[in-house]
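Take a look at the structure set out below.
Numbering (my numbering), first residue to last: 45 to 265.
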């Protein structure tokens with residue numbers, strides 16, 4: 045079986061002036077900066093394709109911000125965007141709220157704060173990693189089918205599912221401090237597979253790093 049790489053791409057900056065945890069809520073669009081980030085990623089992948097990278101398959105979460113992030117790359121590389129439910133944002137009890145200490149002190153939330161290791165306020169980390177890895181394996185196989193050996197796939201997803209997946213692949217505890225996730229806006233967490241379908245390594249890059257200063261990066265979950 046040929047080798048392949050699957051790039052987990054976090055979406056660009058979202059227009060979210062209220063600073064709420066948007067989770068799976070619909071119609072949270074990219075900001076102007078987020079649109080530029082998406083364009084930078086398209087330029088990055090186009091440059092790689094020109095030097096021989098075989099980027100053969102493009103997948104995106106069904107949420108608006110992920111679809112909008114994928115569009116410039118789809119146009120640049122003439123790829124169809126395949127919507128993939130398994131890489132959607134994590135479910136979260138606090139969706140739609142501005143999460144701060146005052147909100148967390150409200151008694152109606154206490155039952156959802158009892159177990160941060162799972163976490164009790166949303167979808168279990170292990171479930172997120174499992175669904176993303178299953179989708180990544182399918183994307184790997186499809187990319188190989190279309191592009192052959194060393195083909196690449198792009199999956200536009202969300203910070204928490206991507207980070208949970210990386211922690212799982214690297215054998216680290218899934219519980220973590222959300223402020224310390226290494227998964228900035230439009231960053232790439234790339235899973236490099238060997239010819240047996242095993243993950244050899246994880247690579248991390250920030251093609252749009254120049255646009256990160258000043259960007260709002262409220263976690264989606």
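Just so it is clear, CB atoms sit at the ideal spot from N, CA and C, and this is done for glycine as well.
Could you check what DSSP says for residue i in three-state terms: helix, strand or coil?
i           : result
residue 81  : helix
residue 98  : strand
residue 119 : helix
residue 134 : coil
residue 64  : coil
residue 247 : strand
residue 255 : helix
residue 260 : coil
Could you check if residue i is buried or exposed, using at least 16 other CB atoms within 10 Å of its CB as the buried criterion?
i           : result
residue 45  : exposed
residue 232 : buried
residue 56  : buried
residue 133 : buried
residue 184 : buried
residue 119 : exposed
residue 96  : exposed
residue 244 : exposed
residue 116 : buried
Among residues of its own chain, excluding the 5 on either side of residue i, which ones have a beta-carbon nearer than 6 Å to its beta-carbon?
i           : result
residue 191 : 98 and 100
residue 123 : 102
residue 173 : 208, 209 and 212
Tell me the residue span of the alpha helix (DSSP H) that contains residue i.
i          : result
residue 58 : From DSSP, residue 58 is part of no alpha helix (DSSP H); its letter is neither H nor E.
Along the beta strand (DSSP E) that carries residue i, what are the first and last residues, could you check?
i           : result
residue 201 : 195 to 201
residue 126 : 125 to 127
Excluding sequence positions up to five away, which residues of its chain have a Cβ less than 7 Å from the Cβ of residue i?
i           : result
residue 129 : 106
residue 225 : 203 and 207
residue 111 : 104 and 125
residue 80  : 255
Please return the same chain residues whose Cβ sits closer than 8 Å to the Cβ of residue i, not counting the five positions on each side in sequence.
i           : result
residue 206 : 52, 54, 176, 227 and 233
residue 250 : 228, 230, 231, 232 and 256
residue 163 : 169 and 219
Any beta strand (DSSP E) of 3 or more consecutive residues that is wholly inside the segment 168 to 245 | 195 to 201 and 232 to 237
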